[in-house]
Amino acid sequence: MEETSGVSNAATTSKTTQELAKEGQKHLEETIEAAFQILSSMNDELCNPTLWSTTTTSTSNGVVHADSTSDANNHHLDSSGGSGNSALDEARHRYKTSVAALRAVLTAIPNSHKAKSFEMVSSPVDSVSRSDEVEINKLEERASLLRKELANKNKYLKRLIDQLRDLITDISTWQSPCSV
Numbered sequence: 000m001e002e003t004s005g006v007s008n009a010a011t012t013s014k015t016t017q018e019l020a021k022e023g024q025k026h027l028e029e030t031i032e033a034a035f036q037i038l039s040s041m042n043d044e045l046c047n048p049t050l051w052s053t054t055t056t057s058t059s060n061g062v063v064h065a066d067s068t069s070d071a072n073n074h075h076l077d078s079s080g081g082s083g084n085s086a087l088d089e090a091r092h093r094y095k096t097s098v099a100a101l102r103a104v105l106t107a108i109p110n111s112h113k114a115k116s117f118e119m120v121s122s123p124v125d126s127v128s129r130s131d132e133v134e135i136n137k138l139e140e141r142a143s144l145l146r147k148e149l150a151n152k153n154k155y156l157k158r159l160i161d162q163l164r165d166l167i168t169d170i171s172t173w174q175s176p177c178s179v
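In numbering that gives the first Met the number 0, the protein residues as written are 0 to 179.
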């Protein structure tokens with residue numbers, strides 16, 4: 000994945016700020032879609048009763064004893080790729096990839112400004128017009144808003160994941176045998 004980000008950085012440095020902003024918006028949308036897919040996959044996984052543990056486990060002298068159905072369930076999960084949910088793994092991968100691409104674009108934007116300012120210093124005849132400056136300022140504000148929006152979306156996603164953890168804990172508590 001580092002090779003693709005290196006190629007991506009080289010390709011993004013030659014683009015204009017407007018092109019980078021469009022690409023950043025596209026990556027932001029992909030990130031949001033992937034985050035939604037993660038939540039949907041987690042919901043599907045929670046709604047799948049075959050993944051819930053219904054076995055009882057007892058401990059005696061530090062040795063854990065479980066019935067044979069728990070071994071069968073664990074074997075089923077192991078044989079299907081670790082977590083047992085390839086859709087969730089795929090969504091996580093898409094999310095990580097889109098976030099990496101978005102970060103590459105966001106870091107390339109200031110570099111494109113530096114390159115553009117260097118070009119302006121080297122050729123004073125080609126000065127930036129007032130409309131270009133206004134457009135640059137708008138794009139900088141848009142990039143700033145996109146960064147803030149991404150931060151807010153990440154906070155929201157973290158809160159949803161925390162709520163999901165609490166829900167899983169509650170479900171586990173409800174499923175555990177009660178001792179009277």
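From the three backbone atoms N, C-alpha and C, an ideal C-beta is built for every residue, glycine too.
Opening and closing residue of the alpha helix (DSSP H) in which residue i lies
{"i": "Thr168", "result": "129–174"}
{"i": "Asn47", "result": "Unbroken run through Asn47: none, as it is neither H nor E."}
Between the CA atoms of residue j and residue i - distance to the nearest angstrom
{"i": "Asn47", "j": "Phe35", "result": "18 Å"}
{"i": "Lys147", "j": "Thr172", "result": "37 Å"}
{"i": "Lys25", "j": "Gln174", "result": "43 Å"}
{"i": "Pro109", "j": "Thr168", "result": "44 Å"}
{"i": "Asp161", "j": "Glu134", "result": "40 Å"}
{"i": "Arg164", "j": "Leu38", "result": "12 Å"}
{"i": "Ser128", "j": "Leu144", "result": "24 Å"}
{"i": "Ser111", "j": "Ile170", "result": "51 Å"}
{"i": "Thr49", "j": "Asp43", "result": "11 Å"}
{"i": "Arg91", "j": "Ser130", "result": "42 Å"}
Buried versus exposed call for residue i [16 or more other C-beta atoms within 10 Å across all chains shown]
{"i": "Ala107", "result": "buried"}
{"i": "Glu28", "result": "exposed"}
{"i": "Leu166", "result": "exposed"}
{"i": "Glu132", "result": "exposed"}
{"i": "Ser97", "result": "buried"}
{"i": "Thr15", "result": "exposed"}
{"i": "Glu22", "result": "buried"}
{"i": "Tyr155", "result": "exposed"}
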